[in-house]
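Asks: Numbering (our numbering), first residue to last: 358 to 561.
Just so it is clear, CB atoms sit at the ideal spot from N, CA and C, and this is done for glycine as well.
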Ligand SMILES: Nc1ncnc2c1ncn2[C@@H]1O[C@H](COP(=O)(O)OP(=O)(O)OP(=O)(O)O)[C@@H](O)[C@H]1O
Ligand SMILES: [Mg+2]
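#1: Compute the distance between the beta-carbons of residue 365 and residue 475, then report whether it is under 8 angstroms.
#2: Please tell me whether residue 490 and residue 448 are closer than 8 angstroms, where the distance is taken between their beta carbons.
#3: Identify every residue that forms a DSSP beta bridge with residue 405.
#4: Excluding the five sequence neighbours on either side, which residues of its own chain have a C-beta within less than 8 angstroms of the C-beta of residue 545, listed in chain order?
#5: Could you have a look at residue 544 and say whether DSSP puts it in helix, strand or coil?
#6: With a Cβ-Cβ cutoff of 8 angstroms, do residue 486 and residue 388 count as a contact?
#7: When you compare only the Cα positions, how much space is there between residue 527 and residue 492?
#8: Is residue 396 helix, strand or coil by DSSP?
#9: Which same chain residues, not among the five before or five after residue 495, have their C-beta less than 7 angstroms away from its C-beta?
#10: Which residue wins for smallest C-alpha separation from residue 400, given the options 484, 498 and 553?
#11: For a quick check, are the C-beta atoms of residue 538 and residue 512 less than 8 angstroms apart?
#12: Is the Cβ-Cβ distance between residue 403 and residue 439 less than 8 angstroms?
#13: To which residues of the same chain is residue 433 closer than 6 angstroms at the C-beta, ignoring the five residues directly before and after it?
#14: Helix, strand or coil: how does DSSP classify residue 526 here?
#15: Under 7 angstroms Cβ to Cβ from residue 396, same chain only, skipping five residues before and after it: list those, please.
#16: Cβ of residue 380 within 7 angstroms of any heavy atom in ligand 1?
#17: Under three-state DSSP, which class holds residue 370?
#18: Any heavy atom of ligand 2 inside 7 angstroms of the beta-carbon of residue 384?
#19: For residue 578, which three-state DSSP category applies?
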């Protein structure tokens, strides 16, 4: 099949990364909620889960153990509905044992993410959301490197209100500036949290 430079992303209109400096602040939750909200607005959505150490999107979308199939143009994403309005590709699908730790060095991660970005047969999508691990490491560099040929619309940064998280978000902002990724917005997640034991909302 003949492809232009964009390969399997040629029919993807928008690509948005979901980033955070700290783990556990709600990236995967925000990615899932955003995907469901976009689908509710009649958009065709894809999620690329590049969190090799903690792929949580399949669980959040209630997609069980699934075998990934190949077609002429690459890996077929897993669809969560009969209308094929929400497509998903996650490292979780490729692990033989979901409880097994992924102990890979940078080059192996980079190679897999390269394949993820270029070899998934997304077809026509309004938005592709990329759920990432925390920080600015191999996975982030690899996904940006491989998306260079395509246009990345920008990133959504996720934080919680605590100082330990907002401090890390500043580093994420610097990362976006250095790599030329537009910041579309910052989500302050779990902002209403009040400790049920001591009623303190920000113990840091
Ligand atoms: N607004 C919220 N209210 C209550 N619980 C939340 C909220 N947002 C996220 N959570 C919960 O917090 C936990 C961490 O969320 P999530 O897995 O989305 O974070 P993450 O940033 O993707 O983590 P990681 O860095 O490990 O990938 C999950 O159990 C999730 O259900
Ligand atoms: Mg996550």
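Replies: This is what the structure holds:
#1: Yes, the pair counts as a contact, with Cβ atoms nearer than the cut-off.
#2: No. Outside cutoff.
#3: Residue 405 pairs with 446 and 487.
#4: These residues qualify, in order along the chain: 516, 517 and 518.
#5: Correct three-state label for residue 544: strand.
#6: Yes. Within cutoff.
#7: Inter-residue distance for residue 527 and residue 492 is about 11 angstroms (C-alpha atoms, whole angstroms).
#8: The answer is helix: DSSP assigns residue 396 an H, G or I state.
#9: If we look at residue 495 and ignore the five residues flanking it on each side, its Cβ neighbours are 463, 466 and 467.
#10: The candidate whose alpha carbon is nearest that of residue 400 is 484.
#11: Between residue 538 and residue 512, the C-beta spacing is below 8 angstroms.
#12: The Cβ-Cβ distance between residue 403 and residue 439 does not fall below 8 angstroms.
#13: Listed in chain order, the non-local C-beta contacts of residue 433 below 6 angstroms within the same chain comprise 426 and 478, local neighbours out to five positions each way being set aside.
#14: Residue 526: helix per DSSP, three-state reduction.
#15: So the qualifying residues of the chain are 402, 442 and 443.
#16: In this structure, the C-beta of residue 380 approaches ligand 1 to less than 7 angstroms from one of its heavy atoms.
#17: Three-state DSSP puts residue 370 in a strand.
#18: Checking every heavy atom of ligand 2 against the Cβ of residue 384, one is found closer than 7 angstroms.
#19: The chain is shown only over 358 to 561; residue 578 falls outside these bounds and no answer can be derived.
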